[in-house]
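For what it's worth, the working numbering labels the leading residue of the sequence shown as 3, then goes sequentially. Glycine included, each C-beta is placed from N, C-alpha and C at the ideal position. Reviewing the structure listed below.
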Amino acid sequence: HASGKDIATPTRTKEVLEKYGFSFKKSLGQNFLIDTNILHNIVEAADLDSSKAAIEIGPGIGALTEQLGRAAGHVLAIEIDQRLLPILEDTLAPYDNIEVVHGDVLELDLAALVRDKLSGYEKVSVVANLPYYVTTAILMKLLESRLPLENIVVMIQKEVAERIAAKPGSKDYGSLSVAAQFYAETEVAMIVPASVFIPRPNVDSAVIKLKIRDRPPVEVDDENFFFRVVRACFAQRRKTLLNNLMSGLFDKQRKDEVIQMLSDLEIEPSRRGETLSIDEYASLANEIIRRQLLGK
Ligand code: SAM
3 HASGKDIATP TRTKEVLEKY GFSFKKSLGQ NFLIDTNILH NIVEAADLDS
53 SKAAIEIGPG IGALTEQLGR AAGHVLAIEI DQRLLPILED TLAPYDNIEV
103 VHGDVLELDL AALVRDKLSG YEKVSVVANL PYYVTTAILM KLLESRLPLE
153 NIVVMIQKEV AERIAAKPGS KDYGSLSVAA QFYAETEVAM IVPASVFIPR
203 PNVDSAVIKL KIRDRPPVEV DDENFFFRVV RACFAQRRKT LLNNLMSGLF
253 DKQRKDEVIQ MLSDLEIEPS RRGETLSIDE YASLANEIIR RQLLGK
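Quick look at the structure:
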């Protein structure tokens, strides 16, 4: 599909950066994509069409943004770096369905933005080449947001993508895996070499696709408490499940009752948090509430 006018070609990107005398800020995770094929693959994974809206986090100079503008009905692009605003006004001038919002995605009220600016759209997807220093915070905010999201398709560090998609029992499995898999079906869509960015990042990258579920795969009585239990069980990876539970959640007088509960649930107290499935975490959290084991 590549078109000579694409912002993401190396020549065009250099031209734009030179014209504005732009210097990269490492602290803002600024690594811009200069490969149109990768951009097409990212946009394709998001299943967009003109009836759908997209939110982009960190448009940079607009390389991915313009592809989203071609694929979606409307695009909201949230950029923190004020120096990029005049550049985006220039590069995205041909697209009347793209709106740039200046701000920190972690501070902005996304629900209000969606309500005010994307009200005509039933489905919204987030598509981005994320600033790596805040990957986890952004993903957690999106997953817990209760926005009407269909897909989250994002470029992130390969290592974080592997953690998100990890299965129980693997060393990469942690509270991020449980959270992502609770809210979404996860899939590593592609591995991306450092050479398609300027400047090159020091890590390998991957595009991960999170297809948001209509409802969680397990029944959980209290979502906040479920995640509190998960975090407690992963608090110290070398500790057993029982020890993490006792130090994170329970009064020490409750130890026998906790052991009894684990035995009734057929979960060995000597297991590690990283071996429990989402199902087992759900039964554990629900059972703690039902037995009212938290109080003194
Ligand atoms: N989308 C562009 C591309 O693919 O070439 C740029 C991606 S670059 C990895 C990340 C972008 O996110 C930068 O433009 C950076 O300024 C912006 N950014 C960093 N922190 C942000 C934040 N907290 N909120 C919004 N944008 C942020």
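Could you check whether residue j and residue i sit closer than 8 Å to each other, using their CB atoms as the reference points?
| i | j | result |
| --- | --- | --- |
| SER127 | ALA48 | yes |
| PHE34 | ALA65 | yes |
| ILE214 | GLU152 | yes |
| ASP106 | ILE82 | yes |
| ALA56 | VAL103 | no |
| PRO218 | PHE184 | yes |
| VAL198 | ILE40 | yes |
| LEU94 | GLU68 | yes |
| VAL222 | ALA284 | yes |
From residue i to residue j, what does the alpha carbon distance come to, in whole angstroms?
| i | j | result |
| --- | --- | --- |
| ASN246 | THR138 | 23 Å |
| LEU32 | GLN159 | The sequence as given places Gln at residue 32; Leu does not occur at that position. Distance between the alpha carbons of GLN32 and GLN159 is about 13 Å. |
| LEU2 | VAL18 | The displayed coordinates of the chain run from 3 to 298. Any statement about residue 2 would go beyond what the structure contains. |
| LEU87 | GLY60 | 11 Å |
| LEU286 | VAL220 | 12 Å |
| PHE229 | GLU146 | 11 Å |
| SER265 | MET142 | 32 Å |
| LYS237 | TYR135 | It should be noted that the sequence gives Ala, not Lys, for residue 237. One C-alpha to the other measures close to 22 Å. |
| ASN204 | ALA196 | 7 Å |
| LYS54 | VAL156 | 17 Å |
| GLU20 | TYR175 | 43 Å |
| GLU46 | GLU282 | 35 Å |
| ASP111 | ILE36 | 31 Å |
| SER272 | VAL232 | 16 Å |
| ARG165 | GLU187 | 14 Å |
| MET192 | ARG240 | 32 Å |
| VAL209 | VAL194 | 7 Å |
| ILE154 | HIS76 | 16 Å |
| GLU251 | CYS235 | Looking at the sequence shown, residue 251 is not Glu but Leu. Each residue's Cα considered, the two are about 9 Å apart. |
| ASP8 | ARG14 | 7 Å |
| LYS16 | SER52 | 31 Å |
| ASP206 | VAL162 | 10 Å |
| ILE290 | THR242 | 18 Å |
| ASP216 | ILE200 | 37 Å |
| ASN99 | LEU144 | 23 Å |
| THR38 | ASP92 | 19 Å |
| GLY62 | ARG202 | 15 Å |
| ASN131 | LYS119 | 22 Å |
Within 10 angstroms of its Cβ, does residue i collect 16 or more other Cβ (buried), or is it exposed?
| i | result |
| --- | --- |
| SER121 | exposed |
| PRO96 | exposed |
| GLY23 | exposed |
| ALA4 | Confidence in ALA4 is poor, its pLDDT being 46 and thus under 50, which makes the residue's placement too unreliable to answer from. |
| LEU90 | buried |
| GLN262 | exposed |
| ASN288 | buried |
| PRO12 | exposed |
| ALA114 | exposed |
| ARG117 | exposed |
| SER25 | exposed |
| LYS211 | buried |
| LEU149 | buried |
| LEU108 | exposed |
| LEU267 | exposed |
Based on DSSP bridge pairs, tell me the residues matched to residue i.
| i | result |
| --- | --- |
| LEU151 | VAL126 |
| ALA237 | Note: ALA237 sits in no beta bridge, so no partner. |
| ILE214 | ALA186 |
| HIS104 | GLU81 |
| GLN159 | SER207 |
| HIS76 | ALA55 |
| ILE193 | ALA208 |
| LEU35 | PHE199 |
| ASN245 | According to DSSP, which records beta bridges pairwise, ASN245 is partnered with nothing at all. |
| ASN131 | MET157 |
So the candidates are the options; which of them puts its Cα closest to the Cα of residue i?
| i | options | result |
| --- | --- | --- |
| ALA167 | VAL190, VAL156, TYR185 and PHE184 | VAL190 |
| GLY71 | GLN84, SER179 and HIS42 | HIS42 |
| ALA79 | LYS28, VAL180 and GLU101 | GLU101 |
| SER172 | ARG233, THR277, GLU289 and GLU46 | THR277 |
| GLY297 | LYS257, SER279 and ARG274 | LYS257 |
| MET248 | LYS211, VAL260 and LEU149 | VAL260 |
| PHE227 | SER25, ARG292 and LYS119 | ARG292 |
| VAL180 | SER52, THR67, GLU68 and ILE280 | ILE280 |
| LEU244 | LEU295, GLY275, GLN255 and ASP216 | GLY275 |
| LYS254 | LEU295, GLU225, LEU267 and GLU268 | LEU295 |
| GLN84 | ASN131, LEU30, LYS169 and ALA10 | LEU30 |
Within the 8 Å Cβ cut-off, does residue i reach chain C?
| i | result |
| --- | --- |
| ARG274 | The structure shown contains no chain C; it is built from a single protein chain. |
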